[in-house]
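Counted the way my numbering counts, the sequence shown spans residues 565 to 719. Every residue, glycine too, gets a C-beta built ideally from N, C-alpha and C. Below is one structure, written out as structure tokens, with a few remarks after it.
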Amino acid sequence: MKFTSKLFLILAGLALSAPGIADEDPNLKLLKARQGEMQLRSFNVGPLFGMAKGKMDYNAELASKLANNLKTQLDLDMGRAWKQGTANDAYPGKTTALPEIWTTYPEIADYGKKYAKAINELAAVAGNGADALKSKMGAVGKSCKGCHDEFREKQ
Numbered sequence: 565m566k567f568t569s570k571l572f573l574i575l576a577g578l579a580l581s582a583p584g585i586a587d588e589d590p591n592l593k594l595l596k597a598r599q600g601e602m603q604l605r606s607f608n609v610g611p612l613f614g615m616a617k618g619k620m621d622y623n624a625e626l627a628s629k630l631a632n633n634l635k636t637q638l639d640l641d642m643g644r645a646w647k648q649g650t651a652n653d654a655y656p657g658k659t660t661a662l663p664e665i666w667t668t669y670p671e672i673a674d675y676g677k678k679y680a681k682a683i684n685e686l687a688a689v690a691g692n693g694a695d696a697l698k699s700k701m702g703a704v705g706k707s708c709k710g711c712h713d714e715f716r717e718k719q
């Protein structure tokens with residue numbers, strides 16, 4: 565195939581795909597970022613709940629690492645991922661975030677503070693034995709549940 569034919573095919577492909585790229589709603593990236601953050605939280609907190617409930621053996625090194633991962637995640641600035649107008653009423657089937665996140669603000673910020681406090685306390689003791697871990701997991705669970713009960717679509 566001649567160079568000009570190849571160039572034409574490449575340019576035609578780009579021209580045909582550009583409208584699809586340009587039309588993608590930028591808010592979908594925000595939803596994916598939020599969901600990614602929640603998945604990362606779940607990835608780290610899941611084994612901690614497993615250890616606390618006796619569903620997996622307690623491992624001090626792993627518990628400490630997982631709790632500190634959650635603590636490190638608190639430093640992420642995710643504020644711009646929570647843009648007003650990106651709730652489940654605007655993006656049904658794509659997010660479970662309820663509009664109340666924005667309409668009752670700053671209530672959700674209070675839940676965030678409770679979560680941060682619970683994670684900081686957990687990180688301080690997670691590697692100090694199963695009993696120490698268990699003593700802090702209740703507060704972590706309550707902080708997650710409180711926010712999900714108030715601000716996430718029932719699944």
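query                                                                                           : result
Simplified DSSP state of residue 690, which is helix, strand or coil                            : coil
The stretch 600-611 contacting the stretch 658-676, beta-carbon criterion three pairs below 8 Å : no
Residue 721 in three-state terms, based on DSSP                                                 : Outside the shown range of the chain, which is 565 to 719, sits residue 721, and nothing can be said about it.
Straight-line gap, residue 718 to residue 658 (C-alpha atoms, nearest Å)                        : 14 Å
Of the listed residues 606, 611, 695 and 595, nearest to residue 647 (C-alpha basis)            : 595
Rounded C-alpha distance that separates residue 670 from residue 656                            : 24 Å
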